[in-house]
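Presented below is the structure to which this report refers.
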Amino acid sequence: MSCDHQNFEAKVSVGRLAADDAGTKIVGFSADITVKCRDCELPFEFIGLPMGYSPLQPMCSVDGTEARMPLKPRGEVMPMERENLVGYSIRRVD
Ligand SMILES: [Zn+2]
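Listed below in structure tokens is the structure:
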């Protein structure tokens with residue numbers, strides 16, 4: 026009997042995004058979201074997002090199962106809003 030996917034489990038993990046290998050130049054934050062079917066545990070894939078991490082736009086993991094939503098503390102101005110980040114490589118540090 027196949028599952029008709031009626032119940033869901035979602036997880037959100039918030040981390041910081043760094044623009045240097047040491048993880049000291051924090052340029053943003055990311056809320057990483059995964060969703061799966063609670064009944065059959067099949068992961069859901071997000072649609073329409075480019076792959077990677079960005080402090081400027083929502084992106085997703087290579088397999089599409091993790092949406093990475095950039096966010097910031099309300100009212101704060103993040104470095105990516107002041108600087109041109111072209112050429113930076115962004116990675117998540119926990
Ligand atoms: Zn299911």
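The numbering of the sequence shown is this note's numbering, which starts it at 26 and goes up by one. Glycine included, each C-beta is placed from N, C-alpha and C at the ideal position. Since we're looking at a predicted model, the values are computed, not measured.
What residue from the options has the CA that sits closest to residue i's CA?
| i | options | result |
| --- | --- | --- |
| K36 | D64, D57 and P98 | D57 |
| P104 | T59, I51, T90 and L96 | I51 |
| L67 | G53, R117 and S27 | S27 |
| E101 | A44, F54, G40 and D64 | F54 |
| L96 | Q82, R107 and A47 | Q82 |
| Q17 | L42, A43 and C65 | Missing from the structure shown is residue 17; the chain here goes from 26 to 119 and no further. |
| V60 | F33, A44, S38 and L42 | F33 |
| I115 | G89, R93, P80 and T90 | P80 |
| T90 | R99, P98 and C62 | C62 |
Is residue i helix, strand or coil when you go by DSSP?
| i | result |
| --- | --- |
| E101 | coil |
| E106 | helix |
| R41 | strand |
| D57 | strand |
Kindly give me the distance between the Cβ atoms of residue i and residue j, rounded to whole angstroms, as I take these residues to be in contact under 8 Å.
| i | j | result |
| --- | --- | --- |
| M84 | G77 | 5 Å |
| R117 | L42 | 6 Å |
| A92 | F71 | 4 Å |
Below 7 Å between beta carbons: does that hold for residue i and residue j?
| i | j | result |
| --- | --- | --- |
| D119 | G40 | yes |
**Asked** Residues with a Cβ closer than 6 Å to any heavy atom of ligand 1, in chain order?
**Response** C28, H30, C62, D64, C65 and L67
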